[in-house]
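Protein chains in written order, with the working numbering: chain A, 121 to 561; chain B, 121 to 561. Since the structure comes first, as structure tokens, the remarks are kept for the end.
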């Protein structure tokens, strides 16, 4: 019997199976798209009404892009995909026995479930550091970080005490993975180039930007020669790189490295992540970072109808250690989970996943980047062009691609940042500041 | 003695006078620019780090534009104006006797003061309505309104109770001045065109958009024939217009007009404004809307060194009633206040202000507007083109002009809105929803 015939038969016997996909990041969204013509009913559930292009989130945090340049309404993505509905809701837990997903306001049954809810920051047992050192995972995080960076310069302009002024102009980024390096490079650029002539009482070029890394080099996931080149590019942007420097404490306006206290009004966290708590409700083994130890076909042990992908999953069957938390991993896993669901619908057995590594990129401010494509390694301007090409390609929607390219060209030519707005605190900004003063005294 | 000689002499005698300008809206910013080459030291004080182009704020609220498309950093505007410094601070009061402006965290002396702090919403003695019916004055207001509109559609998609669903799809806009008309038209467009095919369980075209006006017609400041044409355009966008309908009460999810109760999850306020409370500290007569009754030269009675302009001022010397709260009034007054300060610096007497009315415009959704240029009145597409031209012309910065034109062209061709993001509540959105439910029960 040909495949199509089997498939139709199965559907008639069972009715169309319901596939619930939780999280519309890279993993979830590519799974949805791969099921476009499939004979299933799909429900996509996300806490936000948009898909977020995380790799460019640091540019929202550093005033280069607007939130809507890197976000796209989930409804618009699936408008023409008539087998798919979208619910704005928060998933709380999975009841694997009853095959139900528990939402903040109800339950939803599934025949197949794809969990792709990602990860958030981990402070290595110091959750109290979070208020002083925000991490970068959501648009609201990015706007908060933008607010802190820009507000620090504004306060410094009016501060008459020299030590306080220097603390306001000190920015510490903890963790020198891609996010930390990209944040540090972008802040360096803002201080040394963008804002150089904008103040009357301070010189932003005297700002200290300190990138702190516990390990022996920046970008530890890249080859050593590219790490060295990235470090040179960072130093050109006035970034101090502190390697082998584990942070021992973060207090209000102070970061402690070993015994050294660094007064700094702005501290950003890019050091560790932990998987979304949804994983815990599955009742299956997790790794130390809270990720689900999935089967070779991406499903959960003993539950072949539940798939876990992206940052929520630890896939250790290829190299012996988990695949990195990168967009290409999530995209390939999303497509593969969709394929395995279709195989199962047809009564066939699922296939093991295999990650195809096409390389990694990281950018370090203006016209500098590193790229590792395995046999080919690039750095400097060539890597930057490759970086631009890859990121524009994966952005969703013509409008976003056009605007982001325009913003980058505009920033490159004029040295300006178009999104230099302190927003989101309403009229509470100065009230908050008063509170912070109280805290100190 | 020639003018220049007098001027130099005066400066040498007095030192450069300090001009403090509070508020970087249209009035404040055009005053700053007019003093670009003047022999004065200028301090600009604003609660925000950007100049906001208020006439397009409703487009941020209705997901058409991003905040940074209509905002521009104040520092960037005055970067090359070396006689000017910018302070991010909140002005609390004026000590006219001591010639000091009181900030949230200190005081600042002035020789001349320009107050241009504008107005905020007035609920006609019902401040308790504000939580249910937010007004539109700041970027944070706009993002809150956007969140409420988009979230209402999302909740309706998942609501199974028919009456609750209809309340979620009912949008009431109170007040049919330009802001109310523009908001209603834009929401009508979103419901009937933009989102028409985006949902599976609801049809956004069944949304009710109700524009409520206490007076006998929409756009009361325009000629009667244009009001009638605007009403026709609104009805084409599925907007119900309720004239002669004063709102008697606003409760959670209910608006009361006379004895009629309208269940509505989203209520927006565009009915009244009150001047910034800074005016009260001057100790001079104010009008009913809290505005300063200024002298013909824009100064405060008995304080020729203090000027009040824009929405904070009631200028009644031209027509017997206050000039309207429009950008052109603020711009012309800002320039005139700057001119009068220069005259005073030269030991000359100030000149009376005279407003030159070049007309008024209002837009009503897609390709429709009304324009009153005195002898020439336009409506429909021609007025819309005039509206676009005027608004692009007054936007600050090439980048903003280019992006806004691109967004409008894109929206016109594709019927899409690029800023359809629910942001700003962080992870508290669902928590808030739970709170709102509690409130009801």
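The beta carbon of each residue, even a glycine, is placed where N, CA and C say it ideally should be.
Sequence-ordered contacts of the stretch 321-348 of chain A with chain B read 321 [C-beta pairs closer than 8 Å]. Excluding its 5 nearest sequence neighbours in each direction, residue 160 of chain B has C-beta neighbours in its own chain below 6 Å: 136, 137 and 139, listed in chain order. Its chain contains 492 and 497 as the residues whose beta carbon lies nearer than 8 Å to that of residue 343 of chain B, once the 5 sequence neighbours on both sides are disregarded; these appear in chain order.
In the three-state DSSP reduction, residue 377 of chain A falls in the strand class (E or B).
Between residue 291 of chain B and residue 387 of chain B, the gap from beta carbon to beta carbon is short of 9 Å.
Of all residues in the stretch 221-234 of chain A, those with a C-beta nearer than 7 Å to a C-beta of chain B are 224, reading in chain order. Going by DSSP, residue 328 of chain A is part of the beta strand (DSSP E) stretching over 328-332. Contact between residue 190 of chain B and residue 176 of chain B holds, since their C-beta atoms are separated by about 5 Å, short of 8 Å. Taking a cut-off of 8 Å for Cβ pairs, the stretch 254-272 of chain A and the stretch 376-390 of chain A touch, as three or more such pairs fall below it.
Under the 10 Å beta carbon count, residue 533 of chain B is surrounded by fewer than 16 other beta carbons and is classified as exposed.
Taking 9 Å as the threshold, the shortest C-beta distance from residue 187 of chain B to chain A falls below it. Sequence-distant partners of residue 269 of chain B (beyond 5 residues in either direction) whose C-beta falls short of 8 Å from its own C-beta, in its chain, are 181, 182, 183, 291, 307, 310 and 386.
Using beta-carbon distances, residue 170 of chain A counts as an interface residue toward chain B, with a partner under 9 Å.
The beta carbon of residue 446 of chain A lies closer than 8 Å to those of 480 in the same chain, with the five residues before and after it left out.
Per DSSP, the continuous alpha helix (DSSP H) segment holding residue 510 of chain A begins and ends at 500-514. Residue environment for residue 371 of chain B: exposed (fewer than 16 other C-beta atoms within 10 angstroms of its C-beta). Three or more Cβ pairs closer than 8 Å define a contact, and the stretch 423-430 of chain B falls short of that threshold against the stretch 374-384 of chain B.
Per DSSP, the beta bridge partners of residue 171 of chain A are A/192.
Counting C-beta atoms within 10 angstroms of its own C-beta, residue 295 of chain A has 16 or more neighbours from the protein chains shown and is therefore classed as buried. Neighbourhood of residue 468 of chain A in chain B, by CB distance below 9 Å: empty, with the nearest CB roughly 30 Å away. Beta bridge pairing from DSSP links residue 255 of chain A with A/389. Rounded to the nearest angstrom, the gap between the Cα atoms of residue 443 of chain B and residue 206 of chain A is 49 Å. Against chain A, a Cβ distance below 9 Å from residue 366 of chain B picks out nothing, because the smallest value is about 29 Å. Sequence-ordered contacts of the stretch 199-212 of chain A with chain B read 199, 200, 202, 204, 205, 206, 207, 208, 209 and 210 [C-beta pairs closer than 9 Å].
By the Cβ criterion, the stretch 454-465 of chain A is not in contact with the stretch 167-175 of chain A, since fewer than three pairs of Cβ atoms, one from each stretch, lie closer than 8 Å. Judged by beta-carbon spacing, residue 398 of chain A lies within the 9 Å limit of residue 213 of chain A, meaning their Cβ atoms are closer than that value. In this structure, residue 466 of chain A lies away from residue 314 of chain A, with their beta-carbon atoms at least 9 Å apart. Under DSSP, the beta-bridge partners assigned to residue 215 of chain A are A/220. Contact between residue 148 of chain B and residue 454 of chain B holds, since their C-beta atoms are separated by about 6 Å, short of 8 Å.
What residue 543 of chain A touches in chain B, judged by beta-carbon distance under 7 Å, is 187, 259 and 260, going in chain order. Collapsing the DSSP output to three states places residue 360 of chain B in a strand. The DSSP-derived three-state label of residue 246 of chain B is coil. Shown here, residue 477 of chain A sits in coil according to DSSP, grouped into three states, outside any helix or strand. At the C-beta level, residue 354 of chain A and residue 297 of chain A stay beyond 9 Å of one another. Sixteen is the threshold: when 16 or more other Cβ atoms of the shown chains lie within 10 Å of the Cβ of residue 435 of chain B, as they do, the residue is buried.
Close partners of residue 519 of chain B in chain A (Cβ separation under 7 Å): 530 and 538.
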